[in-house]
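Below is one structure, written out as structure tokens; the observations come after it.
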Amino acid sequence: MTCAVESFTFASEGTEAEREFTLKVLPLLKQKCLGCHGGDPSDIKGEYSVLDREQLLRGGESGELAVSPGNPEKGTLLPALRWEELEMPPKENDRLSSEQIATVERWIKAGAPWPDEKTQELIRENASQQIVNSDGVMVGTSGGASSEWTNRRYQPEDLWAFQPVPAYTDDRQHSVINDAGLPVDQDHLSSQVIDALILRELQKQNLAPAPRAEARTLIRRATFDLHGLPPTPEEVDEFVEASRKDPQEAWRSLIDRLLASPRYGEHWARHWLDVTRYADTGGMSNDYERSNMWRYRDYVIRAFNEDKSYQDFIVEQIAGDELADQSVRERKGGTEQEIHRTQLSGDYTDQEAEWIIATGFLRLGPWDNAMVDKAEARQMWLDDLVNITGQTFLSTTMRCVKCHDHKFDPIPTRDYYQMYAAFSTTHMAERPVPLLEKENLAGFEAGRAHVQRLLEYAVQEKNKLINKRETAARKWFEEHNLPYQD
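Right under this line is the structure:
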């Protein structure tokens with residue numbers, strides 16, 4: 019039996035040394051060296067470039083060979099990486115670890131291979147199929163400037179901020195020893211998981227937990243934590259007395275009372291408002307007043323006091339206007355004309371008004387378009403909006419990826435501009451939104467009446483000055499036999 023075998027040509031997957039170069043050595047060169055040695059061809063430090071194999075081997079202005087393929091002990095590169103002669107990279111934070119130096123040394127000993135781009139691409143593609151290996155975790159993104167940055171490998175400890183919080187199982191097998199070397203009676207300790215975690219760390223340090231706090235100390239700690247203010251003497255006395263009868267019930271009642279107080283939201287909203295850079299004015303040189311921004315501030319306070327879910331809290335601040343428009347669409351028949359009329363008239367329900375108030379988040383941050391082109395000022399605002407959204411909701415800055423894929427985190431430039439595009443239809447505007455009964459309107463009417471009285475007084479005084487001026491002018495014209503014209 020005869021079989022015809024068709025021949026195919028496959029691109030080489032590379033040798034082990036080529037794979038190590040592509041996946042480990044080349045990323046090191048790009049991350050640690052390229053900034054000064056080849057990234058900018060017009061400014062190459064020491065006349066030494068690592069852009070390609072020939073330049074990397076040749077060395078720089080000293081005239082000495084940098085790398086001798088197959089001979090790691092010969093050449094100036096490894097001693098510089100070890101900080102034996104030159105110190106490269108020169109900053110302590112950028113210094114290569116002993117493991118990274120060993121990787122470069124193995125590569126040189128293997129002949130310092132530098133595979134072509136096609137082979138490198140194939141090596142990276144094959145490596146990307148292994149999500150987890152000894153080199154770390156492969157993380158895919160929405161798309162980097164190159165395939166190398168689209169799928170990158172990270173050490174697990176460098177990705178902790180992007181991982182969900184793992185569930186903790188409390189085995190309660192803790193044996194805490196006190197200073198006398200005796201086990202601590204843990205019956206008085208809380209049953210909360212957080213206490214188990216603390217006990218576990220205490221055990222590692224051979225430390226005993228602190229003794230139970232006295233009632234006076236407890237109420238002070240709780241009140242300062244939740245209200246930012248000390249308890250009154252009467253509150254302290256009441257709690258101390260209640261603790262004598264039933265400590266657990268006294269504690270539960272105290273916490274319930276503190277959380278039910280409006281002071282809780284007033285205190286803890288401050289932390290969120292600090293993150294979002296809340297201010298009643300626009301900052302910069304003119305520092306224009308934002309007369310309605312207080313409504314966003316009070317929205318945040320209400321969110322804490324009403325225990326609003328974090329999911330809703332996020333959505334309302336970023337897209338509250340979209341929620342309101344959708345509600346109007348369902349409530350009034352769904353035409354865009356009706357939505358537009360409602361936007362102009364402010365005929366919103368309380369819930370719709372609350373959603374729109376929440377979008378005050380998008381208007382925070384410094385703003386001053388004086389001496390700046392209108393279009394340029396808008397782009398600066400959108401850039402700031404993308405960055406503060408990343409900082410507030412993702413705990414990461416976005417300005418690094420405005421110009422290049424993030425060097426340390428799996429965030430490509432594409433993500434920045436996708437977020438930018440999502441906000442590009444957002445425009446600043448004064449929206450008529452009805453006042454809500456639950457808003458802080460105390461003194462609002464009295465303040466408005468006071469302003470009206472001041473305005474009327476100013477108008478009266480202005481009219482007196484005008485009359486005085488006109489009387490003097492009329493008299494002057496009469497004295498000079500000239501006709502007077504109003």
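Residue numbers for the sequence shown follow this note's numbering, so the first one is 19 and each next one is one higher.
By construction, the Cβ of each residue, glycine as well, lies at the ideal position given by its N, Cα and C atoms.
Contact between the region 158-169 and the region 51-60 is absent: fewer than three C-beta pairs spanning the two stretches fall below 8 angstroms. One Cα belongs to Q73, the other to Y66, and the distance between them is close to 7 angstroms.
For N405, the enclosing alpha helix (DSSP H) covers residues K392 to T407. DSSP, read as helix, strand or coil, puts V157 in strand. Around the beta carbon of N224, fewer than 16 other beta carbons lie within 10 angstroms, which makes this residue exposed. In the DSSP assignment, N481 falls within the alpha helix (DSSP H) that extends over F462 to E497. Residue range T431 to F441 is occupied by the alpha helix (DSSP H) that includes Y434.
When the five nearest sequence neighbours on each side are left out, the beta carbons in the same chain lying within less than 7 angstroms of the beta carbon of R170 are those of V157 and P428, in order along the chain.
Selection N405, L244 and L236 evaluated against D255 yields L236 as nearest (Cα-Cα).
Going by DSSP, Y502 is part of no alpha helix (DSSP H) at all; its letter is neither H nor E. Residue pairing by DSSP puts E307 in a beta bridge opposite T299. Counting C-beta pairs closer than 8 angstroms gives three or more between the region 434-454 and the region 397-416, which meets the contact rule. Of the other Cβ atoms in all chains shown, fewer than 16 fall within 10 Å of the Cβ of D325; this residue is therefore exposed. The three-state reading of DSSP puts V68 in coil, since its state is none of H, G, I, E or B. Proximity of the region 333-343 to the region 413-421 falls short of the contact definition, fewer than three beta-carbon pairs being nearer than 8 angstroms.
Pairing Y434 with S442, the inter-Cα distance amounts to about 12 angstroms. Counting other Cβ atoms within 10 Å of its Cβ, N144 stays below 16 and is therefore classed as exposed. Judged by beta-carbon spacing, L104 lies beyond the 9 angstroms limit of V122, meaning their Cβ atoms are not closer than that value. In this chain, the beta strand (DSSP E) harbouring N169 covers N169 to Y172. D423 counts as buried, since at least 16 other C-beta atoms from the protein chains shown sit within 10 angstroms of its C-beta. In the three-state DSSP reduction, V150 falls in the strand class (E or B). Within the region 29-109, there are no complete beta strand (DSSP E) runs of at least 3 residues. Secondary structure note for D316: its alpha helix (DSSP H) is the uninterrupted segment W312 to N323. For T241, same chain residues with a beta-carbon under 7 angstroms away, outside a window of 5 residues either side, are L247, P248, P249 and L276 in chain order.
When the five nearest sequence neighbours on each side are left out, no beta carbon in the same chain lies closer than 7 angstroms to the beta carbon of T353.
Between I374 and V451, the gap from beta carbon to beta carbon is short of 9 angstroms. Following the DSSP letters along the chain, one finds E232 in no alpha helix (DSSP H), marked with neither H nor E. Under the 10 Å beta carbon count, H55 is surrounded by 16 or more other beta carbons and is classified as buried.
Within the model, the alpha-carbon separation for R349 versus L403 is close to 31 angstroms. Put simply, of N323, K222, I126 and I357 the residue whose alpha carbon is nearest the alpha carbon of L44 is I126. For A376, the enclosing alpha helix (DSSP H) stretches over residues D368 to A376. A268 counts as buried, since at least 16 other C-beta atoms from the protein chains shown sit within 10 angstroms of its C-beta. When the beta-carbon positions are compared, L244 and Y282 come within less than 9 angstroms of each other. Counting C-beta pairs with one atom in each stretch, the region 359-369 and the region 299-307 have fewer than three that are closer than 8 angstroms, which means they do not touch. Relative to C421, the option among E102, L412 and N405 whose CA is nearest is N405.
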